[in-house]
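Residue numbers (this note's numbering): 99 to 184.
Quick look at the structure:
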């Protein structure tokens, strides 16, 4: 069985990727063009808007090979593993 410490050391790139993935729409992010609320299905529930915004933004960035926000962590898409936590 792999220890937590060795997993963290061996998979540091995945943790870095996850951190950027979960902060994609942070106020200090440069991803405003991806993270707008214009398409939030006109929901009045703020939690729905936030979920939609983060999920759509992340999916767009994962799909876009030319965007450097996530590409510098794992240029090989086969190595990109996601744990979506909302």
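From the three backbone atoms N, C-alpha and C, an ideal C-beta is built for every residue, glycine too. Remember, it's a predicted structure, so these values are computed and weren't measured experimentally.
- Item | Local Cβ density within 10 Å of residue 151, reported as buried at 16 or more and exposed below that | Buried, since its Cβ has 16 or more Cβ neighbours within 10 Å.
- Query: What is the DSSP secondary structure of residue 156, counted as helix, strand or coil?
  - Reply: In the structure shown, residue 156 sits in a helix (DSSP, three-state: H, G or I).
- Task: Would you kindly work out how many angstroms separate the C-alpha atoms of residue 110 and residue 148, rounded to a whole number?
- Result: The alpha-carbon atoms of residue 110 and residue 148 are separated by roughly 27 Å.
- Message: I need the DSSP call for residue 165, collapsed to helix, strand or coil.
- Response: Residue state, collapsed to three classes: coil.
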